[in-house]
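Let me begin by presenting the structure, written as structure tokens, before commenting on it.
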Amino acid sequence: MFKCDHTKLTLSFNEFHDIKADDMPQYGEFCLLELKDGRYTAGEWNPNDYKNKKSVSGKFVRGTADTVDVSEVFKWHSLERYDLTECLLDGEINYINLGPEKDGIHTVQIKDFKSFKDKQLPKKEQYCLLIMKKGDLSAGRWDKWPKENAGIFIYAPALASHSMDEVWAWTALSSDDIFAREEKEEEERKIEEELNKNPTADVQKFKYGTDINVYYEKALEKLRRDYPWATIAQMKKKLPYVITPRRGKYIFGRDEGTIMDIRVINEWKDGNTADEFIDFLCEYTKDAVQNSNPAEKFKYGTDVNVYLDKAYENVKKDYRWLERSMLEKSWHYAIKQVNGDTEFVRAYGKKKDYSVVDCGSAESFIETVEYDYRNEALKANPAVASYDVPFGRVETHGWYLERYRFYKLKTGDYKVSVQAGDRVTGGTRDFYITPYCFEAKTYDEFLDRYLQIVPGYSFGLGKEELLADEKLKEFLGY
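In terms of this note's numbering, the sequence shown opens at residue 87 and continues consecutively.
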């Protein structure tokens with residue numbers, strides 16, 4: 087590791103460039119930036135016209151949805167054109183010039199470097215200059231991991247980042263809007279925490295106390311007049327309500343979980359009394375209770391095998407090669423008591439951590455099992471040939487078609503795989519082409535049936551495109 091003392095180190099940046107057509111960074115080059123308002127940051131140069139090396143129109147990218155427009159930049163200095171390795175191996179050095187010092191040149195000195203080995207972390211959302219363990223320079227925004235003294239430096243879209251293990255030393259650059267917003271929110275959190283130490287309760291709104299279960303029990307009494315099977319567990323299948331302090335006062339609020347280590351509570355504001363809240367709670371949870379009627383849900387009894395047999399027979403009609411042995415290593419199902427209620431549950435493989443299958447009827451549970459069985463059947467039937475449908479630029483609902491591939495399976499059946507994506511994500515779906523489609527006497531009639539399974543408006547290619555594809559027609563046996 088480097089022998090230089092990072093706490094005494096100063097970097098002198100002496101080769102700044104103006105923003106002008108004949109002196110811009112290379113496309114994708116990471117740079118230290120001096121802004122017109124005197125602050126310092128960094129970013130990767132992304133010109134609007136990346137083919138034009140003299141373009142001065144564009145932005146410096148700092149991370150996901152985090153950019154600096156070139157119009158805000160006074161000067162730029164490359165971070166990529168330097169290797170500090172030799173200097174940092176010198177235990178006596180405490181000052182490094184990046185570029186020659188000359189009279190009259192624009193120079194910026196940066197110091198106060200810190201190290202993770204000293205258990206020092208940047209503040210949340212702080213943008214930092216980094217000296218990497220490879221000896222080069224970079225920058226990134228500190229993203230602290232929830233509930234851990236660790237994190238990463240995000241420096242590009244799609245959360246591209248530098249890990250702590252890659253960074254030798256870091257120092258914070260200037261505050262920016264993102265960091266300032268986080269600082270303000272942190273201050274608000276501290277004020278909120280202080281106010282909530284001794285919260286007060288509105289006597290009309292909380293006349294039954296501050297235990298939320300009391301309000302659920304009172305709502306349950308009312309619901310059971312129409313739905314005698316109702317339970318609190320069923321009611322809480324909808325995002326549950328809690329009683330929690332906010333700004334020093336108790337409130338009713340819907341608990342929407344934790345996002346970025348912050349608990350999100352959506353306050354109830356539709357009334358001013360406890361009884362109004364109880365009436366609201368009845369209406370809010372009614373759908374979940376209705377969909378938990380045991381007479382509908384378990385109308386074939388509580389032996390899960392009855393439901394599995396029905397699903398198996400339904401899938402077997404089209405997936406003729408399906409055998410029960412193909413399902414042994416996949417999903418398995420049970421009927422169990424969960425939070426005092428009888429539920430359909432499932433787990434994958436040898437895992438024993440069952441999850442509840444949220445369904446309101448026997449039929450909907452059977453449909454869930456059928457979906458799983460169909461997927462396993464396709465996995466067990468390998469492809470022996472394939473054909474990629476040619477297409478140009480196809481866009482549907484903001485996603486771009488990337489692949490449209492037909493497969494002939496070992497059993498002589500067919501499936502199609504459709505892949506699409508946008509700028510940052512993508513997905514693939516497989517569809518079995520049922521025997522009913524191949525009962526059609528003509529290719530035209532086949533497509534009418536096929537497009538009910540893989541509709542053109544959802545997946546990019548319609549009848550016009552597929553009908554004209556003679557190679558596809560031949561591949562499908564027409």
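Backbone N, C-alpha and C define an ideal beta-carbon position, used for all residues, glycine too.
Distance from Leu118 to Phe99 at the Cβ level is roughly 6 Å; contact confirmed, criterion being Cβ atoms closer than 8 Å. Non-local C-beta neighbours of Phe292 in its own chain, meaning closer than 8 Å and more than five positions away in sequence, comprise Ile329, Tyr336 and Ala360, ordered along the chain. Of Val159, Phe545, Lys496 and Tyr181, the smallest CA-CA separation from Pro468 is found for Lys496.
Straight-line spacing of the CA atoms in Tyr181 and Ser201 works out to 17 Å. Beta-bridge partners of Leu495 (DSSP): Ala469. Between the C-alpha atoms of Tyr473 and Leu558 there is a straight-line separation of about 7 Å. The shortest CA-to-CA distance from Ala244 to any of Leu325, Ala258, Glu269 and Val147 is the one to Val147.
Annotated three-state conformation of Lys219 is coil, per DSSP. Thr296 has its alpha-carbon roughly 17 Å from the corresponding atom of Gly357. Shown here, Phe366 sits in a helix according to DSSP, grouped into three states. Counting along the chain, the unbroken alpha helix (DSSP H) around Thr171 starts and ends at Thr171 to Leu174.
Counted as a single uninterrupted DSSP element, the stretch harbouring Arg148 is not any alpha helix (DSSP H) but the beta strand (DSSP E) occupying residues Gly144 to Gly149.
Closest in C-alpha terms to Cys90, from the list Trp228, Phe239 and Glu172, comes Glu172. Residue burial is scored here from C-beta neighbours: His418 has at least 16 other C-beta atoms within 10 angstroms and is therefore classed as buried. DSSP places Thr93 within a helical segment (H, G or I) once states are collapsed to three.
Looking only at Lys304, Ala107, Leu309 and Asp198, the smallest Cα-Cα distance to Ala255 is reached by Asp198. Taking Arg515 as the centre and dropping the five residues before and after it, the same chain places the C-beta of Val504 closer than 6 Å to its C-beta, in chain order.
Per DSSP, the continuous beta strand (DSSP E) segment holding Ser249 begins and ends at Ala246 to Ser249.
Taking C-beta atoms as the reference points, Thr371 and Met321 count as a pair closer than 8 Å. No Cβ-Cβ contact shorter than 8 Å links Cys368 with Ala448. Secondary structure in the segment 314-353: the beta strand (DSSP E) runs of 3 residues or longer, each lying completely within the stretch, are 327-332, 335-345 and 348-353 in chain order. In the three-state reduction of the DSSP assignment, Val431 falls in the strand class. Cβ contact annotation for Asp312 (same chain, cutoff 6 Å, sequence separation greater than five): none.
With respect to Ile240, Asp229 sits close: the two C-beta atoms are nearer than 8 Å. Of all alpha-carbon atoms in Asp444, Lys106 and Leu408, the one lying nearest the alpha-carbon of Asp373 is that of Asp444. When DSSP states are grouped into helix, strand and coil, Pro243 belongs to the coil group.
CA-to-CA, the gap between Ile421 and Ser450 works out to about 15 Å.
Our two residues, Asp155 and Gly144, have alpha carbons roughly 6 Å apart in a direct line. Nearest to Glu462 by C-alpha distance, out of Val431, Asp427, Thr511 and Tyr518, is Tyr518. The three-state secondary structure of Cys214, taken from DSSP, is strand. Close CB contacts of Asn400 within its chain, under the 6 Å cut and outside five residues either way in sequence, are with Glu456 (chain order). The beta carbon of Val300 is closer than 8 Å to those of Tyr294 in its chain, skipping five residues each way along the sequence. Annotated three-state conformation of Glu550 is helix, per DSSP.
Relative to the Cα of Asp395, the nearest Cα in the group Asp439, Glu453 and Gly343 belongs to Glu453.
Residue pairing for Leu487: DSSP places it in a beta bridge opposite Ala506. Here Glu130 is buried, its C-beta having at least 16 other C-beta atoms within 10 Å.
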